[in-house]
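Peer 1:
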Amino acid sequence: MTPILAESAAPRSRTRRQSFLGQIVAMPAGAIFLVFASLQIVCIVGALLYPDEFRYLSPQNLTILMKAIPVLGCLALGAGVLMIAGEFDLSIGSVYTFTAILMASLVEAGLSAFIAAPLGILAGLMIGMLNGQITLRFGLPSFIVTLGGLLFWRGAVLLYNGAVQVRFDPEPAFSSLFAGSLFGINAAFIWIILFVVGFHFLLHRHRFGNHVFATGGNRAAAEAIGINTGRVKLVAFAIAGGMAAMAGILATARVGSVQPGQGAGLELQAIAACVIGGLSLRGGRGSIIGIFLGVLLIHTITDVLLLLRAPGFYLDMFIATLIVLAAIFNHLIERRGLA
Amino acid sequence: MSRANLLELHNISKSFGALTALRNLSFHVEEGEVVGLLGDNGAGKSTTVNLISGIHKPTSGHLSVDGRKTTFTCRSDSAEAGIETIYQHTALVDSLSITRNIFMGRELTDRFGFLRQREMREIAMEVLQNAVHISGIDSPDTLVGNLSGGQKQAVAIARAVYFKKRVLLLDEPTSALSVRETEALLNQVLKLKGENVSSVLVTHNLYHAYQVCDRFVIMSHGTKVFDVQKADTTISQLTEYVVLT
């Protein structure tokens with residue numbers, strides 16, 4: 300008995316001596332937070348030391364960052380909830396473009412933007428539900444179904460609109476609601492913060508979120524305990540589609556026009572943000588804060604490389620490296636968790 | 006000792022196409038009784054478990070609970086009747102905490118569906134400390150994925166205890182457990198019996214069954230071949246019936 304006790308006492312004291320850093324890393328999204336915080340410190344110190352060469356803290360740069368983050372943020376939040384529920388949506392980039400074009404052309408035809416925008420979101424929700432229905436009804440991998448969706452809605456944009464850009468000219472109230480500013484903070488950035496807080500409560504503090512984690516973590520167990528996992532997944536698909544449309548609204552209100560090709564590749568960036576933020580590709584793991592930090596990290600790195608005038612291909616290579624490192628790290632954590 | 010029959014199976018047969026898995030099976034479980042459902046591979050034990058938990062419907066015959074005839078069409082029907090099935094690979098979500106697993110699907114929430122986290126955590130802590138003694142779990146916030154097989158089963162049992170289940174259906178509960186964990190689990194079954202919770206121990210392992218069961222039902226080729234009180238039998242007689250019938 301005694302030797303066993305002695306043996307089991309050793310690792311315990313080791314965990315007790317665990318450093319403050321170790322404790323942060325052990326928290327959900329703790330590691331990504333550390334990476335993000337260190338990067339911020341380096342950037343801020345760099346900007347203070349070389350204010351002329353490295354304009355990270357200049358108002359212009361901060362505004363650009365605040366305007367860029369919400370679009371990917373909305374996409375990633377939707378994609379992330381769905382990933383935690385155990386499914387993918389590759390079509391969100393195309394849905395984002397399609398719903399934006401729909402909204403812009405309705406406004407051009409004389410409809411109020413306050414009606415056209417909810418219609419765009421409705422279209423996003425319905426496309427998401429369609430993806431979900433096909434996936435669940437036929438028991439297919441959502442990867443394949445939404446790959447079909449990616450191509451289909453990209454084609455639908457060209458069918459509906461042709462390869463020309465659509466101007467978006469809403470009433471001023473609409474513009475200031477989605478592209479104006481409040482106390483110097485960009486409206487779109489306020490929106491994304493509201494969404495992050497809302498999603499955090501939905502996923503981590505609400506019954507629905509618990510069911511999402513249960514469905515993605517062990518569908519058979521969730522089913523056995525009486526959770527309607529099909530409905531949970533369907534709602535998650537709808538959220539992914541709806542948030543894609545929301546991203547479309549924010550982007551369109553900012554730019555004032557829609558390009559038919561603008562959404563290409565965004566679905567992968569959104570999934571990348573989720574992976575960097577600690578979501579498991581197998582579902583059931585992750586946090587909203589993690590997703591948002593993933594988005595922030597992608598945009599901060601992009602921004603820094605642009606400020607340093609690095610050629611464009613460095614961006615992709617950096618993000619790529621980050622994704623793979625994050626995936627390896629998450630895998631290690633998962634393995635430790637399952638051991 | 007005449008106690009009420011909590012759960013009864015009446016002449017149940019079950020066929021899957023041409024294959025007859027159960028033939029004319031009848032047995033009962035009394036209140037506060039531990040029944041060992043024994044038999045070799047292919048005797049129909051798993052089909053019986055699935056039938057009682059509502060996954061399969063009988064081809065003929067019926068179940069009754071508290072003397073009333075019932076049909077279970079899905080698992081939640083049996084759960085409502087107070088029957089909790091605890092499978093070998095217990096139905097828990099590894100990536101969620103113990104608290105969240107205990108309340109999974111039955112969360113305590115406010116009017117708007119938001120979780121009453123503190124309350125659930127306190128109940129989970131109490132259940133873990135009082136209802137089931139699980140060695141090595143110090144916090145209900147521990148992720149279930151970090152627990153051992155025995156600890157996981159203890160959590161599943163804790164869930165059943167908290168939601169006032171009356172019959173635990175344990176399907177091969179000891180097959181993945183260490184000796185110490187097995188001991189703890191069997192003690193748990195006895196403790197629950199003291200609180201008038203019945204258990205059906207479905208197992209290969211006659212020695213484990215003999216340790217805790219009051220009565221044994223031995224199955225062979227889809228039907229009951231022996232039904233005996235512990236006082237009237239020996240382990241060698243049980244072995245004979247399992248092996249030779």
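Chain order of the listed sequences is A and B. Each residue of the first sequence is one higher than the one before, counting from 300 in our numbering. Each residue of the second sequence is one higher than the one before, counting from 6 in our numbering. Glycine residues also receive a C-beta, built at the ideal position from the N, C-alpha and C atoms. Please read these numbers as outputs of a predicted model, since none were measured by experiment.
So is Ile526 of chain A in contact with chain B if we call contact Cβ pairs under 9 Å?
Peer 2: Stepping through the first sequence from its first residue, residue 526 of chain A is reached at position 227. For Ile526 of chain A, the answer is yes, since a Cβ of chain B falls inside 9 Å of its Cβ.
Peer 1: Alpha carbon to alpha carbon, how far is Val456 of chain A from Gly585 of chain A? Give it in angstroms, no decimals.
Peer 2: Taking the first sequence and counting its residues from 1, the one referred to as residue 585 of chain A is at position 286. Taking the first sequence and counting its residues from 1, the one referred to as residue 456 of chain A is at position 157. Between Gly585 of chain A and Val456 of chain A, the C-alpha separation is close to 33 Å.
Peer 1: I want to check one thing, is the minimum distance from the CB of Asn10 of chain B to the heavy atoms of the ligand MG below 8 Å?
Peer 2: Only the bare structure without any ligand can be found here, which leaves the ligand MG out of the picture.
Peer 1: Pairing CB atoms from the stretch 418 to 427 of chain A with CB atoms from the stretch 539 to 553 of chain A, are three or more of them under 8 Å?
Peer 2: As far as the Cβ criterion goes, the stretch 418 to 427 of chain A touches the stretch 539 to 553 of chain A, which means the pair count is three or higher.
Peer 1: Who are Asn485 of chain A's beta bridge partners in DSSP?
Peer 2: Indexing the first sequence from 1 puts residue 485 of chain A at position 186. Answer by DSSP bridge pairing, in chain order: A:Ser480.
Peer 1: Pair every Cβ in the stretch 524 to 533 of chain A with every Cβ in the stretch 365 to 378 of chain A, then say whether three or more of these pairs are closer than 8 Å.
Peer 2: Segments in contact, no.
Peer 1: Strictly by DSSP, which residues pair up with Gly41 of chain B?
Peer 2: As a working note, residue 41 of chain B is residue 36 in the second sequence. B:Leu206 and B:Phe221, per the DSSP bridge assignment.
Peer 1: Does Leu173 of chain B get closer than 9 Å to chain A when you measure Cβ to Cβ?
Peer 2: As a position in the second sequence, residue 173 of chain B is number 168, starting the count at 1. Closer than 9 Å: no.
Peer 1: In the DSSP assignment, the alpha helix (DSSP H) including Leu371 of chain A goes from what residue to what residue?
Peer 2: Within the first sequence, numbered from 1, the residue matching residue 371 of chain A stands at position 72. Where Leu371 of chain A is concerned, the enclosing alpha helix (DSSP H) stretches over Pro358 to Ile383.
Peer 1: Tell me, please, which residues DSSP counts as bridged to Phe231 of chain B.
Peer 2: Taking the second sequence and counting its residues from 1, the one referred to as residue 231 of chain B is at position 226. Answer is B:Ile223, bridged to Phe231 of chain B.
Peer 1: Report the option in B:Ser144, B:Asp45, B:Ser183 and B:Val132 whose CA atom is closest to the CA atom of Ala165 of chain B.
Peer 2: Position 160 of the second sequence, counted from the first residue, corresponds to residue 165 of chain B. Cα-wise, what sits closest to Ala165 of chain B is B:Val132.
Peer 1: Check whether the Cβ atoms of Phe221 of chain B and Val233 of chain B sit closer than 9 Å, and answer yes or no.
Peer 2: On the second sequence, position 216 is the one that residue 221 of chain B refers to. On the second sequence, position 228 is the one that residue 233 of chain B refers to. In contact: Phe221 of chain B and Val233 of chain B (Cβ atoms closer than 9 Å).
Peer 1: Whole beta strand (DSSP E) runs in the stretch 119 to 187 of chain B with 3 or more residues, listed along the chain?
Peer 2: Within the stretch 119 to 187 of chain B, the complete beta strand (DSSP E) runs of at least 3 residues are 172 to 176.
Peer 1: Does any CB atom of chain B fall closer than 9 Å to the CB of His510 of chain A?
Peer 2: Counting from 1 along the first sequence, the entry for residue 510 of chain A is found at position 211. Yes, His510 of chain A counts as interfacial toward chain B.
Peer 1: Measuring CB to CB, does Leu174 of chain B end up less than 9 Å from Val202 of chain B?
Peer 2: Here residue 174 of chain B corresponds to residue number 169 of the second sequence, with the count starting at 1. Here residue 202 of chain B corresponds to residue number 197 of the second sequence, with the count starting at 1. Cβ distance not < 9 Å, so Leu174 of chain B and Val202 of chain B don't count as in contact.
Peer 1: Could you work out which residue in B:Gly155, B:Asp237, B:Cys79 and B:Gly227 is closest to Phe32 of chain B when comparing CA atoms only?
Peer 2: Stepping through the second sequence from its first residue, residue 32 of chain B is reached at position 27. Of B:Gly155, B:Asp237, B:Cys79 and B:Gly227, the residue nearest in Cα terms is B:Gly227.
Peer 1: Mark Ser100 of chain B as exposed unless 16 or more other C-beta atoms lie within 10 angstroms of its C-beta, in which case mark it buried.
Peer 2: Residue numbering aside, residue 100 of chain B sits at position 95 when the second sequence is read from its first letter. Buried is the call here.
Peer 1: Once the 5 residues before and after Thr179 of chain B are set aside, which same chain residues still bring their CB inside 7 Å of it?
Peer 2: Looking up residue 179 of chain B in the second sequence gives position 174. Thr187, Leu190, Thr208, Asn210 and His213, listed in sequence order.
Peer 1: For Val98 of chain B, which residues in chain A fall below 8 Å Cβ to Cβ?
Peer 2: For the purposes of this step, residue 98 of chain B is taken as the residue at position 93 of the second sequence. By Cβ distance, chain A contributes Phe512, Ala513, Gly516, Asn517, Ala520, Ala521 and Gly583.
Peer 1: Can you give the Cα-Cα distance for Ile57 of chain B and Phe77 of chain B, rounded to whole angstroms?
Peer 2: Counting from 1 along the second sequence, the entry for residue 57 of chain B is found at position 52. Counting from 1 along the second sequence, the entry for residue 77 of chain B is found at position 72. Spanning the two alpha carbons is a distance of roughly 8 Å.
Peer 1: In angstroms, rounded to a whole number, what distance separates the CA positions of Ile103 of chain B and Leu24 of chain B?
Peer 2: Locating residue 103 of chain B in the second sequence gives position 98, counting from the first residue. Locating residue 24 of chain B in the second sequence gives position 19, counting from the first residue. One C-alpha to the other measures close to 41 Å.
Peer 1: Return the CA-CA distance between His598 of chain A and Ser81 of chain B, expressed in angstroms with no decimal places.
Peer 2: Start at 1 with the first residue of the first sequence, and residue 598 of chain A comes out as number 299. Start at 1 with the first residue of the second sequence, and residue 81 of chain B comes out as number 76. Using only the alpha carbons, I get a separation of about 47 Å.
Peer 1: Would Met125 of chain B and Ile142 of chain B be called neighbours here (beta carbons separated by less than 9 Å)?
Peer 2: Sequence index remark: in the second sequence, residue 125 of chain B carries index 120 (1-based). Sequence index remark: in the second sequence, residue 142 of chain B carries index 137 (1-based). No; because the gap between Cβ atoms is not below 9 Å, this pair is not in contact.
Peer 1: Would you tell me roughly how many angstroms separate the C-alpha atoms of Phe335 of chain A and Gly529 of chain A, rounded to the nearest one?
Peer 2: As a position in the first sequence, residue 335 of chain A is number 36, starting the count at 1. As a position in the first sequence, residue 529 of chain A is number 230, starting the count at 1. Cα to Cα, Phe335 of chain A sits roughly 36 Å from Gly529 of chain A.
Peer 1: Going by Cα to Cα distance, which pick from A:Asn517, A:Phe477 and A:Leu578 is closest to Ala416 of chain A?
Peer 2: Translated into the one-based positions of the first sequence, residue 416 of chain A becomes position 117. Of the listed residues, the one whose Cα sits closest to Ala416 of chain A is A:Phe477.
Peer 1: Rounded to the nearest angstrom, what separates Phe467 of chain A and Leu605 of chain A at their Cα positions?
Peer 2: Locating residue 467 of chain A in the first sequence gives position 168, counting from the first residue. Locating residue 605 of chain A in the first sequence gives position 306, counting from the first residue. If you take the alpha carbons of Phe467 of chain A and Leu605 of chain A, they lie about 28 Å apart.
Peer 1: Please tell me whether Ala626 of chain A has its Cβ less than 9 Å away from any Cβ of chain B.
Peer 2: Along the first sequence, one-based indexing puts residue 626 of chain A at 327. It does not: the Cβ of Ala626 of chain A has no partner Cβ on chain B nearer than 9 Å.
Peer 1: As an exercise, report each continuous alpha helix (DSSP H) stretch of at least 4 residues that is fully enclosed by the stretch 66 to 110 of chain B, in chain order.
Peer 2: Fully enclosed alpha helix (DSSP H) runs of 4 or longer: 80 to 85 and 103 to 107.
Peer 1: Could you give the first and the last residue of the continuous beta strand (DSSP E) run that contains Arg28 of chain B?
Peer 2: As a first step, residue 28 of chain B is located in the second sequence; it is residue number 23 there, counting from the start. Leu24 to Glu35 is the span of the beta strand (DSSP E), which, as asked, contains Arg28 of chain B.
Peer 1: Since Gly118 of chain B meets chain A, which of its residues come closer than 7 Å, beta carbon to beta carbon?
Peer 2: Residue numbering aside, residue 118 of chain B sits at position 113 when the second sequence is read from its first letter. What Gly118 of chain B touches in chain A: His505, Arg506 and Phe507.
Peer 1: When you compare the CB of Ser579 of chain A with every CB in chain B, is at least one pair closer than 9 Å?
Peer 2: The residue given as residue 579 of chain A occupies position 280 in the first sequence. Yes, its Cβ sits closer than 9 Å to a Cβ of chain B.
Peer 1: Is the stretch 506 to 517 of chain A in contact with the stretch 108 to 117 of chain B, if contact means three or more CB pairs nearer than 8 Å?
Peer 2: The stretch 506 to 517 of chain A is in contact with the stretch 108 to 117 of chain B.
Peer 1: Could you give the distance in angstroms between the alpha-carbon of Asn10 of chain B and the alpha-carbon of Ile91 of chain B?
Peer 2: By one-based count along the second sequence, residue 10 of chain B stands at place 5. By one-based count along the second sequence, residue 91 of chain B stands at place 86. Each residue's Cα considered, the two are about 21 Å apart.
Peer 1: When the Cα of Ser556 of chain A is compared with those of A:Ser390, A:Phe591, A:Gly479 and A:Ser404, which residue comes out closest?
Peer 2: The count along the first sequence starts at 1 and reaches residue 556 of chain A at position 257. Residue A:Ser404 is the option with its Cα nearest to Ser556 of chain A.
Peer 1: Tell me the DSSP secondary structure of His61 of chain B in three-state form.
Peer 2: Stepping through the second sequence from its first residue, residue 61 of chain B is reached at position 56. Residue state, collapsed to three classes: coil.
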